[in-house]
Amino acid sequence: MTKKTIIEKIWENHVVNREEGKPDLLYIDLHLVHEVTSPQAFEGLRMNGRRVRRPDLTYATMDHNVPTINRHIINDPVSKTQIETLEQNCREFGIELSDIDHPDQGIVHVIGPQLGLTQPGKTIVCGDSHTSTHGAFGALSFGIGTSEVEHVLATQTLWQQRPKTLQIKVNGKLGFGVTAKDIILAIIAKFGVNAGVGYVMEYTGEAIRNLTMEERMTICNMSIEAGARAGLVSPDETTVEFLRGRRYAPQGEEFEEATARWLALATDEGAEYDKTLEIDAAEIEPQVTWGTNPSMGSGISGSVPSPDDFEREADKESVRLALDYMGLEAGTKLSDIPVDFVFIGSCTNSRLSDLRAAAEVAKGRKVKDHVTAIVVPGSQTVKQQAEAEGLDKIFTEAGFQWRESGCSMCLAMNDDVVPPGKRCASTSNRNFEGRQGNGARTHLVSPSMAAAAAVTGQFTDVRQLSSVTH
Amino acid sequence: MQPINQFTGVVCPLNRPNIDTDQIIPKQFLKRIERQGFGQFVFYHWRFDDNGNKREDFVMNQPQYANAEVLVAGENFGCGSSREHAPWALLDYGFRVIIASSYADIFYNNSVKNGILAVKLTEEEVAEIMERSKEEGYRIHVNLEEQTVNDDNGFTAHFDIDPYWKKMLLNGWDEISVTLTDEDHIRKYEEKMYGKQFS
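Sequence order for the protein chains is P and Y. Residues in the first sequence are numbered from 1 upward in steps of one, following full-length UniProt numbering. Residues in the second sequence are numbered from 1 upward in steps of one, following full-length UniProt numbering.
Have a look at this one:
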């Protein structure tokens, strides 16, 4: 029998039609919808008199625009319209919606897994590039544009070119104080922001197997930052145990049947990939980015590079522009860079384990006077669980602000904006120019590194804060 | 969408790699619920300073590129967010053709679905067009049927494009209508997987 990767197995299970000279027509098992990339798609359906083919496979929430304080005061009338438009569209087309007051509301990529909607073997799409997050479960999940959102709403299918397969193997064991976020930032720093263009990535190796589901989500989330639309991890017992008992997961006997199906999806021993890249977990330190794309970063012991350190003319120019935007001098030690803002949240790092890791560092310490630090849980459920453990108290006593759930300062579509020229240690996924606010300077880090920056006022190797244990 | 086959236009060079969709259309402009009207915001923070004044040194603001309809850019163009507002903004501003050595996957799909021809040439060919487009009024001729790019001074290049996308662009087809002609396949798949039909 031919040995197959999980990517090929899921693909084959979803081909609706295959013809010479055309991409494959793939069936979509779960379509997640949010307020920013859907209004034009619903409008297109209305204009053409079309309906939603499978409202039962479609699930909506509002996350990008929602306020994280004063939940019902949306100052921007255009944001307000967008939120109201989603409510109307879901009502009109019969789609389940977790609105702003709903106990299940949260970032779309946090609530899918939390509710058990995300399952191994599914094809999952959403009009959001971080849909790759759901790949942690061994699902083939990727971001789509609004035309494709409309196409899925109308037909429950998508035309897709068969992707090439890329194995990212993370060998060995992680060192003390090093997290999943550091793994993915190190991968992108090493292989670049276009390493995965045209590929679906599968993360393998001992270090990946040892991760929890929430950690795997952090890794898969940033696949798109390496250029891959989708990244996944073959399902195993860790996956199965996470899903057991979740609301939308199969229940009872059906769960046991599903388990067998799920585990059989894992990549066959000896299956071949189009390309393999490897990295040693032991060589990874806590990471900090210094530039304006996620590959511009290094371990905390490193320094800001000089444009002259790069060979290609295009790279020299990119680094020069990045340093200019970031207000950084070549040669500055990363641990000497002060911060003004700290953001703990986003679909990359806003789950309970992320908040626990940050709280462990924050406990008994104080946010520096000149630093504004906010913690934004990924969902209302995460918020409640964190409060039940007293994490909110730890944060507020340390001087962090404790907020309601949403995308928040990751892309600053609501009022959570980093002012021009200010520097933010952020647990989000993109350090692009202006991402957190016009002129804002973003440095990507893990939750524990963000908390360490908040309490010391500058980037600090979290491993040096003595009370932190692993 | 508008069909496209032969197209001639003034070329504007944007010589940066990894231009992300946050630069093409910043997030504060993603809140509109229409597809139109995004052109005024394209590359907003590169075109305008904090007071809304034009940055004279930015290439798109130079008079010789005022009517440019072809954008030539560095590798991995359109990386980052899946926002289709990026091609909507480029198209609305007036760009019908983009030339780069590579594109982010989602951006590429979003572009062709809106009738933008995103041409992939080699790094050397892109560099050559970048250089030639410094000359005022430099125009390029793109022929999708023939898969060629030429100028009036002897530059000529061939590009590859997936036959499916080529056909969609040449005809300006609405993809959903095309798919619905295949609905029997969808019904059969649903019958097999779910034991019932949904249409």
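Glycine included, each C-beta is placed from N, C-alpha and C at the ideal position.
Sheet register partners of H64 of chain P (DSSP bridge): Residue mapping note: residue 64 of chain P aligns to position 64 of the first sequence, counting from 1. Looking at the DSSP assignment, H64 of chain P forms no beta bridge with any residue, so it has no partner.
Environment of Q156 of chain P [buried if 16+ CB atoms lie within 10 Å]: In the first sequence, the residue the question calls residue 156 of chain P occupies position 156. Under this definition Q156 of chain P is a buried residue.
Beta-carbon proximity check, P17 of chain Y vs A314 of chain P, cutoff 8 Å: Residue numbering aside, residue 17 of chain Y sits at position 17 when the second sequence is read from its first letter. Residue numbering aside, residue 314 of chain P sits at position 314 when the first sequence is read from its first letter. Yes; because the gap between Cβ atoms is below 8 Å, this pair is in contact.
Backbone CA spacing between Y194 of chain Y and R54 of chain P [nearest angstrom]: Start at 1 with the first residue of the second sequence, and residue 194 of chain Y comes out as number 194. Start at 1 with the first residue of the first sequence, and residue 54 of chain P comes out as number 54. Between Y194 of chain Y and R54 of chain P, the C-alpha separation is close to 12 Å.
Chain Y contacts from the segment 103-131 of chain P (Cβ-Cβ distance under 7 Å): G127, D128 and S129
C410 of chain P in three-state terms, based on DSSP: Taking the first sequence and counting its residues from 1, one reaches residue 410 of chain P at position 410. Of the three classes helix, strand and coil, the one that applies to C410 of chain P here is helix, per DSSP.
C-alpha distance - Q40 of chain Y paired with I224 of chain P, whole-angstrom precision: Counted from its first residue, the second sequence places residue 40 of chain Y at position 40. Counted from its first residue, the first sequence places residue 224 of chain P at position 224. Using only the alpha carbons, I get a separation of about 28 Å.
C-beta neighbour in chain P for Y189 of chain Y, strict 8 Å: Taking the second sequence and counting its residues from 1, the one referred to as residue 189 of chain Y is at position 189. True, the Cβ-Cβ gap to chain P drops below 8 Å.
Collapsed DSSP secondary structure at S405 of chain P in the structure displayed: As a working note, residue 405 of chain P is residue 405 in the first sequence. Note: S405 of chain P maps to coil in three-state DSSP.
R441 of chain P burial status per 10 Å Cβ neighbour count (16 or more: buried): Translated into the one-based positions of the first sequence, residue 441 of chain P becomes position 441. It is buried - the Cβ of R441 of chain P has at least 16 other Cβ atoms within 10 Å.
Cβ separation of L243 of chain P and G112 of chain P, assumed to be a contact under 8 Å, to the nearest whole Å: Here residue 243 of chain P is taken as the residue at index 243 of the first sequence, counted from 1. Here residue 112 of chain P is taken as the residue at index 112 of the first sequence, counted from 1. At roughly 12 Å, the Cβ-Cβ gap does not stay under 8 Å, so L243 of chain P and G112 of chain P are not in contact.
Partners in chain P for N79 of chain Y, counting only beta-carbon separations shorter than 8 Å: Here residue 79 of chain Y is taken as the residue at index 79 of the second sequence, counted from 1. Rather than Asn, the amino acid found at residue 79 of chain Y in this sequence is Cys. Chain P residues near C79 of chain Y: V193, N194, G227 and N293.
Simplified DSSP state of H31 of chain P, which is helix, strand or coil: On the first sequence, position 31 is the one that residue 31 of chain P refers to. Of the three classes helix, strand and coil, the one that applies to H31 of chain P here is strand, per DSSP.
K166 of chain Y in three-state terms, based on DSSP: Position 166 of the second sequence, counting from 1, holds the residue named residue 166 of chain Y. Three-state DSSP puts K166 of chain Y in a helix.
Paired residues, beta bridge with C424 of chain P - DSSP: Sequence index remark: in the first sequence, residue 424 of chain P carries index 424 (1-based). Paired residue(s): P:F341 and P:T442.
7 Å Cβ shell around E278 of chain P - same chain, five flanking residues per side excluded: By 1-based counting over the first sequence, the position of residue 278 of chain P is 278. Hits under 7 Å: K169 and N171.
Pair within 8 Å by beta-carbon distance, K173 of chain P and A281 of chain P: The residue given as residue 173 of chain P occupies position 173 in the first sequence. The residue given as residue 281 of chain P occupies position 281 in the first sequence. Yes, they are a contact pair.
Residue-chain proximity (R132 of chain Y, chain P), Cβ-Cβ < 8 Å: Within the second sequence, residue 132 of chain Y is the residue found at index 132, counting from 1. Chain P contact via Cβ: absent.
Neighbour flag for P419 of chain P against chain Y, beta carbons, 8 Å: Looking up residue 419 of chain P in the first sequence gives position 419. False, the Cβ-Cβ gap to chain Y never drops below 8 Å.
Start-end ranges of the beta strand (DSSP E) lying completely within the segment 82-129 of chain Y, minimum 3 residues: 97-100 and 117-120
Spatial distance of L117 of chain P from K316 of chain P (CA atoms): Position 117 of the first sequence, counted from the first residue, corresponds to residue 117 of chain P. Position 316 of the first sequence, counted from the first residue, corresponds to residue 316 of chain P. Their Cα atoms are separated by approximately 45 Å.
Classification of G37 of chain Y by the beta-carbon crowding that lies within 10 angstroms, buried from 16 upward: Along the second sequence, one-based indexing puts residue 37 of chain Y at 37. Exposed.
For T217 of chain P, the first and last residue of its enclosing alpha helix (DSSP H): Here residue 217 of chain P refers to the residue found at position 217 when the first sequence is read from its first residue. The residue you asked about is not Thr; residue 217 of chain P is Met in the sequence shown. Its alpha helix (DSSP H) spans residues M213 to N221.
Which of helix, strand or coil DSSP assigns to L232 of chain P: Counted from its first residue, the first sequence places residue 232 of chain P at position 232. Strand, per DSSP.
Own chain partners of F58 of chain Y with C-beta closer than 7 Å, once the 5 adjacent residues on each side are dropped: The residue labelled residue 58 of chain Y in the question sits at position 58 within the second sequence. Taken in chain order, the residues that qualify are W46 and R47.
Residues of the segment 376-393 of chain P with Cβ closer than 7 Å to any Cβ of chain Y, in chain order: none
Alpha carbon of S81 of chain Y to alpha carbon of T37 of chain P, nearest angstrom: Stepping through the second sequence from its first residue, residue 81 of chain Y is reached at position 81. Stepping through the first sequence from its first residue, residue 37 of chain P is reached at position 37. Spanning the two alpha carbons is a distance of roughly 11 Å.
Local Cβ density within 10 Å of A66 of chain Y, reported as buried at 16 or more and exposed below that: Numbered from its first residue, the second sequence carries residue 66 of chain Y at position 66. Flag for A66 of chain Y reads exposed.
Buried versus exposed call for H470 of chain P [16 or more other C-beta atoms within 10 Å across all chains shown]: For the purposes of this step, residue 470 of chain P is identified with residue 470 of the first sequence, where counting begins at 1. Caution applies to H470 of chain P, whose pLDDT of 44 falls short of 50 and renders its modelled position unreliable; the model cannot decide the point.
Beta-carbon spacing of D415 of chain P, P77 of chain P below 8 Å: By one-based count along the first sequence, residue 415 of chain P stands at place 415. By one-based count along the first sequence, residue 77 of chain P stands at place 77. The answer is no: Cβ separation not under 8 Å.
Cross-strand partners of N171 of chain P (DSSP beta bridge): Numbered from its first residue, the first sequence carries residue 171 of chain P at position 171. Looking at the DSSP assignment, N171 of chain P forms a beta bridge with P:D280.
Contact check, I69 of chain P vs L232 of chain P, beta carbons under 8 Å: Residue mapping note: residue 69 of chain P aligns to position 69 of the first sequence, counting from 1. Residue mapping note: residue 232 of chain P aligns to position 232 of the first sequence, counting from 1. Not in contact: I69 of chain P and L232 of chain P (Cβ atoms no closer than 8 Å).
With 16 other Cβ atoms within 10 Å as the buried cut-off, status of S301 of chain P: The residue given as residue 301 of chain P occupies position 301 in the first sequence. With fewer than 16 Cβ atoms within 10 Å of its Cβ, S301 of chain P is classed as exposed.
Beta-carbon proximity list for M130 of chain Y, same chain, < 7 Å, skipping 5 on both sides: Sequence index remark: in the second sequence, residue 130 of chain Y carries index 130 (1-based). For M130 of chain Y, where only same-chain residues beyond five positions count, the Cβ hits under 7 Å are P13, N15 and V72.
Alpha-carbon to alpha-carbon, D56 of chain P and V125 of chain P: Against the first sequence, residue 125 of chain P aligns to sequence position 125. Against the first sequence, residue 56 of chain P aligns to sequence position 56. Computed Cα separation, rounded: 14 Å.
Chain Y residues whose Cβ lies nearer than 7 Å to that of V16 of chain P: As a first step, residue 16 of chain P must be located in the first sequence, where it is residue number 16. Simply H185, I186 and Y189.
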